[in-house]
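To start, the structure itself, in structure tokens.
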Amino acid sequence: MGASIASVSSAIAGCLGDASPAADVANVVGGDDAGSETDERGTEDDTGPDVADWVEFEHVDEASIERVEAIDLEAELDDDADEAIDEFIDDRDHDGVHDCWLVNEADEALEATMDIVTGDETVLEGSVSLPAGGALEMILSEEGAYETTVAAESDGTTTETTTTATPDPSCTVSRTVLAFGDGGSVSTHTESRC
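According to full-length UniProt numbering, the sequence shown is numbered sequentially starting from 1.
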């Protein structure tokens, strides 16, 4: 199944300040032209959400992250997203060392902050506003233990969730999924298939 993907090179570059130039960042997220080209796996991108509409990046370490994709799961699945999310994720190509998913299964938008750290290096940091049925797929490319922390707000209460995964690069699948539901509930799942 093809996924909707959009480039956010200019948005990320604007947030990086003195970090690497925009051309390098563009390679991280799949190219300069959003909304009309094919991604690295050849799937068409002509209707997908723009990551910049959902995430305001404060920091991206382009050496450690291969790509960030925004996916409208309800549109992709043509049905109630929470009934088929696992199957959808399972069908995705595994083309990095570790894939980290942030999924909004709630009926309302998810407001959160997120950071991914490996060792003493921050891989990705930003604020997130995922619509209902929205998901972010972050494809991580460096070996090492990844710690992912998401602090989500719901009804005035902030719930912070941290997961740690140490991927084996020889595994065919290495994945962490953080799924947020109604009422601030959160489920986490980390798996490896070698």
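In this text, a Cβ means the ideal position worked out from N, Cα and C, and glycines have one as well.
All of these numbers come straight from a predicted model, not from anything done at the bench.
Whose CA, out of the options, lies closest to the CA of residue i?
i, options, result
"T113", "D182, I139, L178", "L178"
"A165", "T149, T190, V150", "T190"
"T162", "V186, P169, H59, A52", "V186"
"E108", "P167, E58, E160, D155", "D155"
"H59", "D115, A106, D72", "D115"
"T176", "D86, I71, D72", "D86"
Note down the Cα distance separating residue i from residue j, rounded to an integer number of angstroms.
i, j, result
"A145", "H98", "10 Å"
"I139", "T157", "29 Å"
"E137", "W101", "5 Å"
"P21", "D50", "With a pLDDT of only 30 at P21, under 50, the local geometry of the prediction cannot be trusted, and the value read off the model is given with reservation. So the two alpha carbons sit approximately 21 Å from each other."
"F180", "E142", "26 Å"
"A135", "G119", "26 Å"
"S174", "I89", "12 Å"
"L77", "T149", "27 Å"
"A132", "V123", "26 Å"
"V103", "A151", "13 Å"
"D53", "P169", "32 Å"
"D32", "D182", "Annotation note: pLDDT 36 at D32 (below 50); position unreliable, coordinate value reported separately. If you take the alpha carbons of D32 and D182, they lie about 36 Å apart."
"E74", "P167", "29 Å"
"A106", "A70", "17 Å"
Under 6 Å: does the beta carbon of residue i sit that close to some heavy atom of the ligand GDP?
i, result
"G156", "This structure simply doesn't include the ligand GDP, nor any ligand for that matter."
The beta strand (DSSP E) spanning residue i covers which residue range?
i, result
"A151", "146-154"
"A165", "157-165"
"D99", "98-104"
"E87", "Where E87 is concerned, there is no enclosing beta strand (DSSP E), although the alpha helix (DSSP H) it sits in stretches over 85-90."
"D111", "Reading off the sequence, residue 111 comes out as Glu, not Asp. Per DSSP, E111 belongs to the beta strand (DSSP E) from 110-118."
Apart from the five residues on each side of it in sequence, which residues of its chain come closer than 6 Å, Cβ to Cβ, to residue i?
i, result
"E111", "S129, E153"
"V55", "G126, V128"
"E147", "V117, T164"
"A84", "L77"
For residue i, which residues in the same chain have their Cβ closer than 8 Å to its Cβ, ignoring the five residues on either side in sequence?
i, result
"T172", "H94, R193, C194"
"E121", "D61, S64"
"G96", "E66, R67, I139, L140, S141"
Note the first and the last residue of the continuous alpha helix (DSSP H) segment covering residue i.
i, result
"A52", "51-54"
"E76", "73-77"
"D61", "Taken as a continuous stretch (DSSP letters only), D61 belongs to no alpha helix (DSSP H), as it is neither H nor E."
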